[in-house]
Amino acid sequence: MYRIALIPGDGIGKEVVPAAARVLEEIGLPLHFVELEAGWETFQRTGHALPEETVAGLKSCHGALFGAVSSPSHRVPGYSSPIVALRRILDLYANLRPLVSAPVPGSRPGVELLIVRENTECLYVKRERLEDNGDTAIAERVITRRASERIARMAFVLAGQRQRAKGGVPSIDSGRRLSLSEEAGKRALVTVVHKANVLSVTDGLFREAALAVAAEFPHIPVEEQLVDSMAYRMILEPERYDVVVAPNLYGDILSDAGAALVGGLGLIPSANVGDEFVLAEPVHGSAPDIAGQGIANPIATIRAAGLLLARWGESAAAQAIEQAVLSVLADGPRTRDLGGTAGTEEVAEEVIGRLEIEASR
Ligand code: GGG
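First residue of the sequence shown: -14, per our numbering; consecutive thereafter.
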């Protein structure tokens, strides 16, 4: 029996999490849902964005499905983002964001990228303060060797697994560096993203740690890329990338940009992964402009549910969800972000209708 915490959070999180939970209910695995709360609305009502009961409830579960939070862009005394706190409290050190071509208009073909974002430090530790009577704002950017090494190790392990799943043969014949012209999609490749030419201390440490870990995986090609150049080349030729590992903020920005290449934020899931726990969520936020209308795209959250199952080794069930999602994306119904007119529940029910349940048992 898997115990799954459901935390809808704010805005459209309250619509897409129940839709994804419906899909999970139909997948034929022994699941028990535990409903918990967190977010801006919870803070406004209770004074706590992440109530103690939520943290305790999560610790009684195997994993969680999170919706979205609407953290305000201005400082609110007593408030801080619950998702950032959860990543720290549960030591969910890796944020895995697959960006894969989808059968929808506007999606680039041939993209099969996995962004492995460090999830516990960088500017996201929020060590911010005001000085100079409020006229100077300072954010400390913390990068540690330990966190950099473990996220790099995660990236190389996943690259090896993807390589094996594709049935390919690792290439070491080009000095472990692929040239632009090499055919993409056939070989594992880890791209280490940083800005060590400017931030030579912090990104310099990330780079050094990641490249040291690369030496433990001599069969996996590695390259490094400055983050600005990475953004440019990911748009120009996303097909050539495989696993991209980056510090927290760069990974966040690159994955949102990459989502635009493969159908948009409504389709992209993520998994916050630690050694003991996995918390899956859509990459998108709470979308207050469309909240409450029943029109949000549930696909990213349904796919996030699939990532949760995949992380537990329930590959057949995860595959069943992904196949049903691809089928619905191809044939419709589609939500408005994809040019359709369908609502959240209609899309979720269609995914359920196309689940090949036998395959998942
Ligand atoms: N599901 C991801 C999500 O809710 N993103 C919105 C976001 O990043 N909000 C900032 C925050 O409060 O952490």
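Quick reminder that beta carbons are idealized off the backbone N, C-alpha and C, glycines included.
- Between residue 174 and residue 206 a beta carbon distance of about 5 Å is seen, short of the 8 Å cut, so the two are scored as contacting.
- The Cβ-Cβ distance between residue 53 and residue 270 falls below 8 Å.
- Residue 295 and residue 303 do touch by the CB rule: their CB atoms are close to 4 Å apart, below 8 Å.
- As DSSP reads the structure, residue 258 sits in a beta bridge with 79 and 263.
- Each residue's CA atom was taken as its position, placing residue 90 and residue 98 some 19 Å apart.
- By the CB criterion at 8 Å, residue 68 and residue 103 fall outside the cutoff.
- Residues 90 of the same chain have their beta carbon placed closer than 7 Å to that of residue 324, with the five preceding and five following residues left out of the count.
- Counted as a single uninterrupted DSSP element, the beta strand (DSSP E) harbouring residue 109 occupies residues 107 to 116.
- Shown here for residue 215: same chain residues with a beta carbon closer than 6 Å to its own, the five before and five after excluded, namely 178 in chain order.
- Per the DSSP secondary-structure output, residue 101 pairs in a beta bridge with 81 and 230.
- Of the candidates 139, 198 and 47, the residue whose Cα lies closest to the Cα of residue 228 is 139.
- In the same chain as residue 341, and ignoring 5 residues on each side of it, the C-beta atoms closer than 6 Å to its own belong to 305, in chain order.
- Here residue 329 is buried. Its C-beta has 16 or more other C-beta atoms within 10 Å.
- One alpha carbon belongs to residue 151, the other to residue 253, and they sit about 21 Å apart.
- Under the 8 Å Cβ criterion, the segment 3 to 19 counts as touching the segment 42 to 50, having at least three qualifying pairs.
- In this chain, the alpha helix (DSSP H) harbouring residue 309 covers 300 to 316.
- For residue -5, the CB contacts under 7 Å within the same chain, skipping 5 residues up- and downstream, are 24, 25, 26, 53, 54, 55 and 271 in chain order.
- The beta-bridge partner set that DSSP reports for residue 178 consists of 210.
- Using a cutoff of 7 Å, the CB of residue 266 counts as near the ligand GGG, since one of the ligand's heavy atoms is closer than that.
- The DSSP-derived three-state label of residue 329 is helix.
- Across the set 246, 86, 200 and 6, the C-alpha of 246 shows the shortest separation from the C-alpha of residue 218.
- Secondary structure at residue 127: strand, using DSSP grouped into helix, strand and coil.
- With contacts defined by Cβ atoms closer than 8 Å, residue 289 and residue 267 form a contacting pair.
- Counted as a single uninterrupted DSSP element, the alpha helix (DSSP H) harbouring residue 67 occupies residues 67 to 74.
- Pairing residue 231 with residue 193, the inter-Cα distance amounts to about 13 Å.
- In the three-state DSSP reduction, residue 341 falls in the coil class, being neither helix nor strand.
- In the three-state reduction of the DSSP assignment, residue 235 falls in the helix class.
- Rounded to whole angstroms, the separation of the alpha carbons of residue 224 and residue 130 is 30 Å.
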